[in-house]
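Working notes, structure below.
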Amino acid sequence: MKAIKQVLGDDLGKYTMVLALVALMVIFNIISGGRMMTPSNFQNLLSGNAYVLVLALGMLMVIVIGQIDLSVGSVAGFCGMVMAIAARDYNLPWFVAVLVALGIGLLVGAWNGFFLAKLGIPGFITTLGSMMAFRGAVIWVSQSISVPAPEELRFFGAGYLPEWGPNTGLNNSTLLLGIIGIAAYAYFQIKKYMHSGDITGTKDPVWIYAVRIAIVTAVIGYFTYLFGSGREGTSFPVPGLILLILVIVYYIITERTTFGRHVYAVGGNKNAAALSGVNVSRTYFLTMMNMSMLAAIASILFVGRATAAGPADGTSWEMDAIASVFIGGAAVSGGVGTVLATMVGGMVMAVLNNGLMLMGVGADKTQVIKGLVLLLAVTFDVYNKSAGRPSIIGRLFGSKEEAKGKESK
Amino acid sequence: MKRRLLSMLLAAALTATVFAGCGREGTTDSSSAGSSTDTAAEADSDSGSDDSSAAADAGSGEGFEEGATIGISLPWLGTQNWKEAETMFTEELTAAGYTPLVQAADNKVPQQQQQIESMIQNGAKVIVVGPIDGTQLGAVLEEAKDAGVYVIGYDRLIENTEAVDGVVQFGSVRTGELQGQALLDGLKANKGDGPYNIELFGGGPADPNAPNFFTGAMSVLQPEIDAGNLVVVSGQTDFTQCATEDWDNKKAQSRMDSLLAGNYSDKEIDGVLSPNDGIARAIITSCEDAGQPIPVVTGLDAENESVSWVWEGKQYCTVAKPTQDLVAKTIEIINSLQAGNGMPTTDVTADNGKKEVNIYELDPVVVTKDNAKEVFADDEERMALLQ
């Protein structure tokens, strides 16, 4: 037990959902007779859910500042529709249309941010208004008729990375991506090891870092194989790559920048943050603006994959994004939640959806199951966090002393 | 210790919910599909996929093995015709020796995209798609094509992609013509001499059939409007003005409410063109609430409730598009594909924006009180309504 803690860190609680995710994948794979863990299914899983996960990235930050954004679905629908119309009726090249969509996203975000940050209207109300207004606007500008999108957008929504170089049996772009991932992780772990003794004077045992690197190498290696070994012409999907880049960017923003720390500070205690010199209204404004810009990116991915923008696009997407964030362990009261956990939360929903479909379960029952999972996951989390109780994992494995140690923290 | 037990229970409950869902599936599905062979079918599908690889190895060339998985992706089960299609496909494909995989997508496009992908994963040889939005399935259907799957559109045109082999549907312009003609006939029979005051309703704009219904109906009504025999009091005669978002009955009802309040305070309404039964009932309810005499209202789909209303004389007519005919035609095509004969030939094609798609067109039937008993002679469930 001690060894496990040394490798994974003290807080094992954050691995609950990772464990649930792995369990879901394994069990569905067995039930479906091996159809879950196949290259094409995983490619579908990523391209089909990238838009929700992109929304969840922004939604995480909105929820951390203690607000909620109900308008993301409508805003995404609107951005996608305007993009498609701009390209079709005004003959704009596709990349200009994409910029138009992003610009609208930023403007809408500024609008939401203005009401929340400058006028102090609660985010729930502000975005409820935007949700209705932009749903109407989508129907208005499209006259409720779907608009085909430029062909080039297919690449962003359903495309694959190119194949090049020698025949390795895997898609080389995917392989390269995997190698970069492993190398980057190893680099940061080694750097961490080098600095581990800076304060205490004694370095951590080398084996801890070796085990971490080995585990991550195995995981990335497996997925590289999975994504790279699909039918010819397929690879790690482009929407997955876009998502990956965004995850890295937002991981850095939330964990390593002043703005990120302000987001958590404002969410944790607005007044304390303000007294410590954090510009609360600026933090609110930028977070809302960022959310709507991500909604625009999500719409580009979705429209690219659907090959057309439809008047009903975006309906209830906000709910999927919000569910991902809470399953990822964010607190309803704000201040708590991480980018990586949110991605795990989103993947739990995605894998659940995918697995149930592979088994031929209808949308109605899938919805029931997803609802119950959300409720149980959050109950679970709230129960475990109340009164500083140790996490579920800690309790299953831990001794009484460890539990006490945690409670006193 | 107690706490540890409790959290173990919670953890167990979490997993149990997920898999209880899976377990439940076998039983619920078989009861709704009316076949007890669901689990057997699932087992078959496993062995079926093994067979398929064996068959491919044997180099059987065209066609595919008996017992192959056939994917059926329906938009939702919220109206009677889709629920009927679900049941009929499950029963009749099973009876024909296939392994049906019938799913409905709750009217959400991403859900339908993912369902189609999971059907490809499940080794379906043919995927029949009743699209939510006919333009938004391009990328996934091309995936199906790449995997060598036949794609057949069901009831609605699949647009904006080359990856479709044919579409089975009732002639939608023809349906509209029948509705328009029925409205004229009904007005002459029930409302004395003209000119008649009428209003027009269209279906959901995202459904490519809806504008066609409207065009068909207007091809009959427009000459009469121009001749002054029909008066659209509100002046709303464009499809975009008359369309009903998502075929949503309550949206139609509130549009009718405001039309009546705004234009009919000193007039009586004689007739309303309605694109389907749900909207027809919403219109009739609205007229009753406004204290208007019930106008002549058309319909579509022969939903049970509207069949009774036609029989009682509240709704003038409905147009039956027997789901059975559509399903039978679709299965006929699947049989032809299975035998290696490819898609049957047809004279009718439609431009879907990317290519000319083969259309297998069926003729709908107008149902009024006079001919209801003949039309539904073989339909026990609806005959029971005509008492």
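Going down the list, the protein sequences come from chains A and B.
Heads up, the first sequence is in the working numbering, so the first residue is 1 and it goes up one at a time.
Heads up, the second sequence is in the working numbering, so the first residue is 1001 and it goes up one at a time.
Just so it is clear, CB atoms sit at the ideal spot from N, CA and C, and this is done for glycine as well.
Give the straight-line distance between the Cα atoms of N1371 of chain B and L45 of chain A, rounded to the nearest whole angstrom. Their Cα atoms are separated by approximately 51 Å.
Near the ligand FAD: T1318 of chain B beta-carbon under 7 Å from a heavy atom: In terms of ligand content, the structure shown is empty, and the ligand FAD therefore cannot be addressed.
Which runs of the beta strand (DSSP E) fall wholly inside the region 1208 to 1234 of chain B and span at least 3 residues, in chain order? Counting whole runs of 3 or more residues, the region 1208 to 1234 of chain B contains the beta strand (DSSP E) stretches 1230 to 1232.
Tell whether a beta-carbon distance below 8 Å holds between V52 of chain A and A321 of chain A. Against a cut-off of 8 Å, the Cβ pair of A321 of chain A and V52 of chain A comes out as a contact.
Any contact between the region 1103 to 1116 of chain B and the region 1152 to 1159 of chain B? By contact I mean 3 or more CB pairs, one from each, below 8 Å. No, the region 1103 to 1116 of chain B is not in contact with the region 1152 to 1159 of chain B.
Could you give the first and the last residue of the continuous alpha helix (DSSP H) run that contains A97 of chain A? First-last of the alpha helix (DSSP H) with A97 of chain A: 94 to 113.
Beta-carbon proximity check, A1282 of chain B vs A1302 of chain B, cutoff 8 Å: Going by beta carbons, A1282 of chain B and A1302 of chain B fall outside the 8 Å limit.
Check the Cβ of N1249 of chain B against every Cβ in chain A and list those closer than 9 Å, keeping chain order. Result: empty, since nearest Cβ-Cβ is about 16 Å, beyond 9 Å.
Output needed in chain order: residues of the region 1229 to 1250 of chain B with a Cβ under 8 Å from some Cβ in chain A. Answer in chain order: T1240, A1243, E1245, D1246.
To the nearest angstrom, how far is it from the Cα of A1041 of chain B to the Cα of G1203 of chain B? Residue placement at A1041 of chain B cannot be trusted, given a pLDDT of 39 that sits under 50; the coordinates are not used to answer.
Y1238 of chain B versus M1218 of chain B: straight-line alpha-carbon distance, rounded: The sequence shown places Asp at residue 1238 of chain B, rather than the Tyr named in the question. Spanning the two alpha carbons is a distance of roughly 10 Å.
Quick check on DSSP: helix, strand or coil for I1152 of chain B? Assigned with DSSP and collapsed to three states, I1152 of chain B falls in strand.
Is any beta-carbon of chain B found at less than 8 Å from that of P311 of chain A? Answer yes: the Cβ-Cβ gap between P311 of chain A and chain B drops below 8 Å somewhere.
Please state the DSSP three-state secondary structure of Q1315 of chain B. Looking at Q1315 of chain B - three-state DSSP - the assignment turns out to be coil, as it is neither helix nor strand.
Have a look at Y225 of chain A and T234 of chain A and give me their C-alpha separation to the nearest angstrom. Their Cα atoms are separated by approximately 12 Å.
Output needed for T283 of chain A: all residues of its chain with C-beta closer than 7 Å, excluding positions within five of it in sequence on either side, in chain order. Counting only Cβ-Cβ distances below 7 Å, and skipping sequence neighbours, we find I65, H262, V263, V266.
Using only the alpha-carbon positions, how far apart do V361 of chain A and P1075 of chain B sit? V361 of chain A and P1075 of chain B: Cα-Cα distance of roughly 15 Å.
Name, please, each residue of chain B whose Cβ falls closer than 9 Å to the Cβ of M131 of chain A. Around M131 of chain A, no beta-carbon contact reaches into chain B at under 9 Å, the shortest distance being about 16 Å.
Between the region 1213 to 1231 of chain B and the region 109 to 116 of chain A, do at least 3 Cβ pairs fall closer than 8 Å? In this structure the region 1213 to 1231 of chain B does not touch the region 109 to 116 of chain A; the number of beta carbon pairs closer than 8 Å is below three.
Comparing the C-beta of M319 of chain A with each C-beta of chain B, is any distance below 8 Å? With respect to chain B, the C-beta atom of M319 of chain A has no partner C-beta closer than 8 Å.
Which residues mark the beginning and the end of the beta strand (DSSP E) in which S74 of chain A is found? Premise fails: S74 of chain A lies in the alpha helix (DSSP H), 72 to 89, not in any beta strand (DSSP E).
Terminal residues of the beta strand (DSSP E) in which S1274 of chain B lies: No beta strand (DSSP E) contains S1274 of chain B, which DSSP labels as neither H nor E.
With a threshold of 16 other CB atoms inside 10 Å of the CB of T200 of chain A, please say whether the residue is buried or exposed. When all chains shown are included, T200 of chain A counts as exposed.
How about I1284 of chain B and Q1315 of chain B: do their beta carbons lie closer than 8 Å? Yes, they are a contact pair.
Give the C-beta separation of A101 of chain A and S276 of chain A to the nearest angstrom, bearing in mind that I take them to be a contact with Cβ-Cβ under 8 Å. Incorrect: roughly 37 Å between the Cβ atoms, too far for contact.
Tell me which residues share the same chain as L396 of chain A and place their Cβ nearer than 8 Å to its Cβ, disregarding the 5 neighbours each side in the sequence. In this prediction, L396 of chain A has a pLDDT of 49, which is less than 50 and means its spatial position is unreliable; what the coordinates show is noted afterwards. Cβ within range, chain order: n/a, list empty.
Count Cβ pairs between the region 1132 to 1143 of chain B and the region 299 to 317 of chain A that sit closer than 8 Å; are there 3 or more? Under the Cβ criterion (8 Å, minimum of three pairs), the region 1132 to 1143 of chain B counts as touching the region 299 to 317 of chain A.
Span of the alpha helix (DSSP H), counted from its first residue to its last, around A210 of chain A: The continuous alpha helix (DSSP H) containing A210 of chain A extends over residues 206 to 228.
Please name the residues in the region 1322 to 1353 of chain B whose beta-carbon is closer than 7 Å to at least one beta-carbon of chain A, in chain order. Listed in chain order, the positions of the region 1322 to 1353 of chain B with a beta carbon within less than 7 Å of a beta carbon of chain A are G1353.
Buried versus exposed, by CB contacts within 10 Å (16 or more), A444 of chain A: Residue 444 of chain A is absent from the model: chain A starts at 1 and stops at 409.
Counting only beta-carbon separations shorter than 8 Å, does N1122 of chain B have a partner in chain A? Judged by the 8 Å Cβ criterion, N1122 of chain B is in contact with chain A.
Hey, is K409 of chain A's beta-carbon within less than 8 Å of any beta-carbon in chain B? Confidence at K409 of chain A is low in this model, with a pLDDT of 38, below 50, so the placement of that residue should be treated as unreliable; the coordinate-derived value is given next. With 8 Å as the cut-off, K409 of chain A does not count as an interface residue toward chain B.
Residues in the region 1198 to 1228 of chain B having any Cβ partner in chain A nearer than 7 Å: The region 1198 to 1228 of chain B vs chain A, Cβ under 7 Å: P1205, A1206.
Beta-carbon contacts of V278 of chain A that lie in its chain and below 7 Å, excluding the five residues immediately before and after: If we look at V278 of chain A and ignore the five residues flanking it on each side, its Cβ neighbours are H262, A265, V266.
Any beta-carbon of chain B closer than 8 Å to the one on D364 of chain A? Yes, D364 of chain A lies at the interface with chain B (some Cβ there is under 8 Å from its Cβ).
Is it the case that the region 1088 to 1099 of chain B contacts the region 24 to 31 of chain A, given that we only count it when at least three CB pairs across the two stretches are under 8 Å? Verdict: no, contact absent.
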